[in-house]
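**Q** Those protein sequence lines, which keep their order, are chains X and C. In case it helps, my numbering puts the first sequence at residues 3 to 388. In case it helps, my numbering puts the second sequence at residues 919 to 992. Even glycine gets a Cβ: it sits at the ideal position worked out from N, Cα and C. Have a look at this one.
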Amino acid sequence: MSELTSTLSTHNPDRTSNHLSQWFFVALLVYLLICAVSIIGGGFKMAAGGHAEELFAFASNPFAGLVIGTVATALIQSSSTVTAIIVGLVAGGLPVSVAVPMVMGANIGTSITNTIVSLGHVKAKEEFSRAFSAATVHDFFNLLSVLIFLPLEIAFGLLEKLGSLLAQLFYGGSEVSMHSFNFVKAATSPVVSNVKYAMQSFGDQTGGIILIIFGIILIFISITLVGKLLKKLMVGKARQIMHSAIGRSPISGIFSGTLVTVLVQSSSTTTSLMVPLAGTGSFSLKQIYPFTLGANVGTCITAVLAATAVTGNSEAALQIAFIHLTYNILGVLLIYGLPFLRYIPVQCAEWLGRSASENKMVALAYILSVFFIVPALCILVSNQFQ
Amino acid sequence: MANVNVLTTERLKALIADTEGTLKQLTIELERRELLKQENAIENLEEHMKDAELSLDTIREFLAYLTNDLKSRE
Chain X
3 MSELTSTLST HNPDRTSNHL SQWFFVALLV YLLICAVSII GGGFKMAAGG HAEELFAFAS
63 NPFAGLVIGT VATALIQSSS TVTAIIVGLV AGGLPVSVAV PMVMGANIGT SITNTIVSLG
123 HVKAKEEFSR AFSAATVHDF FNLLSVLIFL PLEIAFGLLE KLGSLLAQLF YGGSEVSMHS
183 FNFVKAATSP VVSNVKYAMQ SFGDQTGGII LIIFGIILIF ISITLVGKLL KKLMVGKARQ
243 IMHSAIGRSP ISGIFSGTLV TVLVQSSSTT TSLMVPLAGT GSFSLKQIYP FTLGANVGTC
303 ITAVLAATAV TGNSEAALQI AFIHLTYNIL GVLLIYGLPF LRYIPVQCAE WLGRSASENK
363 MVALAYILSV FFIVPALCIL VSNQFQ
Chain C
919 MANVNVLTTE RLKALIADTE GTLKQLTIEL ERRELLKQEN AIENLEEHMK DAELSLDTIR
979 EFLAYLTNDL KSRE
């Protein structure tokens, strides 16, 4: 009987059409996301009128850029939204060098979500210790990654060069470049051009600002809705991927984390999912750690997707999207690849989890300092030296 | 095992082999139970996804817990 019920339910035409309509809605939202990134780019170009570099002079200090990325992401609770906005701004003329620390900051800011989720376990001491460690291992990894790559970026422009090389592969001098077969751009440009045209009546500056705000709202709505829909549509697939990773190597965990994040389009969802799994004691911190690292890589797909079809300075937009991707891949390769660095985030998270479970004020102080107070101090100090 | 010094070498070797076998079996059983626990946790992924959702209530409840905790210490 149960078999019959399940067979009937899987072949239910209403359910199939509901699924199809949900997938259609996902495609529409992705289309809107790509349009929104181009709209921001266009708006920024209009408003700045070739003075983008001067407008963002305050963020030319890498620490200021890092803080902007961190705080913006911590407040919006979505690194995909912030990186998509950054891609749009770069397409509109924001220098890539200014945007790189912002992208790094987005990585730090996004880890506040799972840290807040872990606070829900506060009533049970041991459970809270495990859950808080599971959440903060992501923070410590991202902080370590910034400590390694930000100085390298400031000194040698390492990520900027790598991103440029990758973007050139698509926009380089070869005859078959992205310009020749970009049908996504062809599909989005009528909407983008019409929206831009409609705003031109408000004048360059006001129209540009309206476009930027409209683009940000559109990105936020589309990413939030896509995340919610994909979470519902992809939970079965995510379960399958996670089942296949159980008992296997950490590399398999990293790949699974990447895949699940690509499917649900949100690293916060993946890393927050690890919190209850670790909190209940089903998974150890060392087991969920690779999965968390994979989430960092998987989240880059949104910005890369948006950058492939952006109008304006599209090569720079693709460059910053690739910088985000290479930064996260290199972070995993370097920190997880080197045995002496590998478990530093785990050890720090375990220590913090224990301390926070003993004294809950530690958890509050940690969140306020890492995501708000230290960034504010960084800006104050760096402004003193400018 | 107080009378270990009176056991013959053969008996000791046999006991060690037996203990090692038991230890191996126990480890395998422990690993099996851990994997099963993980499989079950993933089976309830929908539930965990709900637990993993961010809500302002989490922050509110945490702050309320913190306040009560501080008051009880005083």
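The segment 232-248 of chain X: which residues have C-beta closer than 8 Å to a C-beta of chain C, in chain order?
**A** Cβ contacts with chain C come from Lys233, Val237, Ala240, Arg241, Met244, His245 and Ile248.
**Q** Would DSSP call Pro377/X helix, strand or coil?
**A** helix
**Q** By the DSSP assignment, the alpha helix (DSSP H) with Arg929/C in it spans what residues?
**A** Thr927 to Glu961
**Q** DSSP on Lys163/X, reduced to helix/strand/coil?
**A** helix
**Q** Which residue comes first and which comes last in the alpha helix (DSSP H) that contains Asn315/X?
**A** Careful: Asn315/X lies outside any alpha helix (DSSP H) and carries neither H nor E.
**Q** Can you give me the Cβ contacts of Ala323/X inside the same chain, cut-off strictly under 6 Å, excluding the 5 residues immediately before and after it?
**A** Val89, Ala305, Val306 and Ala309
**Q** So, using beta-carbon positions, are Ala136/X and Val277/X closer together than 7 Å?
**A** yes
**Q** Output, in chain order, the set of chain C residues within a Cβ distance shorter than 8 Å of Gly122/X.
**A** Asp969, Thr976, Glu979 and Phe980
**Q** In chain order, what residues of the same chain lie with their CB nearer than 6 Å to the CB of Gln321/X, ignoring the 5 residues before and after it?
**A** For Gln321/X, the CB contacts under 6 Å within the same chain, skipping 5 residues up- and downstream, are Val98, Gly165, Ser166 and Ala169 in chain order.
**Q** Taking 7 Å as the CB-CB cut-off, is Pro278/X touching chain C?
**A** yes
**Q** Compute the distance between the beta-carbons of Cys350/X and Val194/X, then report whether it is under 7 Å.
**A** no
**Q** With distances taken Cα to Cα, identify the nearest neighbour of Ser454/X among Thr294/X, Thr271/X, Lys234/X and Ser274/X.
**A** In this structure chain X extends from 3 to 388, so residue 454/X is not present and cannot be described.
**Q** What are the boundary residues of the alpha helix (DSSP H) that Phe65/X is part of?
**A** Pro64 to Ile78
**Q** Can you name the residues of chain X whose CB is closer than 7 Å to the CB of Lys955/C?
**A** Ser284
**Q** In whole angstroms, give me the CA-to-CA distance for Ala188/X and Leu220/X.
**A** 20 Å
**Q** Run through DSSP, which three-state label would Cys302/X get?
**A** coil
**Q** Quick one: what's got a C-beta closer than 6 Å to His21/X's C-beta in the same chain, skipping five residues either side?
**A** Contacts found: none.
**Q** Kindly indicate if chain C contains any beta-carbon less than 7 Å away from that of Val119/X.
**A** yes
**Q** Identify which residue in Tyr338/X, Ile78/X and Thr263/X has its Cα closest to the Cα of Phe222/X.
**A** Ile78/X
**Q** At the level of alpha carbons, what is the spacing between Met106/X and Ile934/C?
**A** Straight-line Cα distance between these residues: approximately 55 Å.
**Q** Would the beta-carbon of Ser269/X fall within 7 Å of that of Thr263/X?
**A** yes
**Q** Given Gln207/X, which residues of its chain have a CB within under 6 Å of its CB, disregarding the five upstream and five downstream residues?
**A** Excluding five sequence positions before and after Gln207/X, the CB atoms of its chain that fall closer than 6 Å to its own CB belong to Ala49, given in chain order.
**Q** Keeping to the same chain, check which residues put their C-beta closer than 6 Å to that of Phe65/X; ignore five residues upstream and five downstream.
**A** Excluding positions up to five away in sequence, the list reads Cys380 and Ser384.
**Q** Could you name the residues of the same chain whose beta carbon sits closer than 8 Å to that of Leu343/X, not counting the 5 residues immediately before and after it, in chain order?
**A** Leu146, Leu336 and Ile337
**Q** With respect to the alpha helix (DSSP H) encompassing Asn196/X, which residues constitute its N-terminal and C-terminal limits?
**A** Phe185 to Met201
**Q** Classify Arg132/X: buried if its beta carbon has 16 or more other beta carbons within 10 angstroms, exposed otherwise.
**A** buried
**Q** Taking all protein chains shown into account, decide if Lys968/C is buried (16 or more other Cβ within 10 angstroms of its Cβ) or exposed.
**A** exposed
**Q** Taking beta-carbon pairs under 7 Å, can you tell me which members of the segment 59-80 of chain X lie near chain C?
**A** Gln79
**Q** Quick one: is Tyr199/X buried, meaning 16 or more other Cβ sit within 10 Å of its Cβ, or exposed?
**A** exposed
**Q** Could you round the C-beta distance between Leu984/C and Lys362/X to whole angstroms and report it? I think they count as a contact, below 8 Å.
**A** 5 Å
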